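> Handing you a structure now.
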């Protein structure tokens, strides 16, 4: 269950540890369609990396771009 920035950092670390993904992220960006809490936690992890608040967050996290996907936009519009 992903409920915190720490949880998302663990998942991103597992993703980045994959050699093919690591190579891809050296030259490309990975757009991640994700809901609002996921965006918040990944963006926090990116800020922590930039400000060197938390060590252990890989440089490749800067190549991950969280964005809200069309499914989440549709679901959010139905909730209001």
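In the numbering used here, the protein residues as written are 126 to 205. Glycine included, C-beta positions come from ideal geometry on N, C-alpha and C. What you are looking at is a predicted structure, and each value in this text was computed from that prediction instead of being measured.
Please report how far the alpha carbon of residue 130 lies from the alpha carbon of residue 170, in whole angstroms.
Mapped onto the chain shown, residue 130 falls at position 5. Mapped onto the chain shown, residue 170 falls at position 45. Near 6 angstroms, if we compare the C-alpha coordinates of residue 170 and residue 130.
> Can you tell me where the alpha helix (DSSP H) with residue 150 in it begins and where it stops?
Taking the chain shown and counting its residues from 1, the one referred to as residue 150 is at position 25. Looking at the DSSP string, the run of the alpha helix (DSSP H) that includes residue 150 is 144-152.
> Taking DSSP as the reference, what is the three-state secondary structure of residue 127?
Here residue 127 is taken as the residue at index 2 of the chain shown, counted from 1. If DSSP states are grouped into helix, strand and coil, residue 127 belongs with coil.
> Since residue 195 and residue 164 should fall inside the 8 angstroms C-beta cutoff, what is the C-beta to C-beta distance between them, to a whole number of angstroms?
Translated into the one-based positions of the chain shown, residue 195 becomes position 70. Translated into the one-based positions of the chain shown, residue 164 becomes position 39. About 14 angstroms; that fails the 8 angstroms criterion.
> Tell me, which residues are paired with residue 191 by DSSP?
Counted from its first residue, the chain shown places residue 191 at position 66. DSSP, once it has assigned bridges, lists 157 as partnering residue 191.
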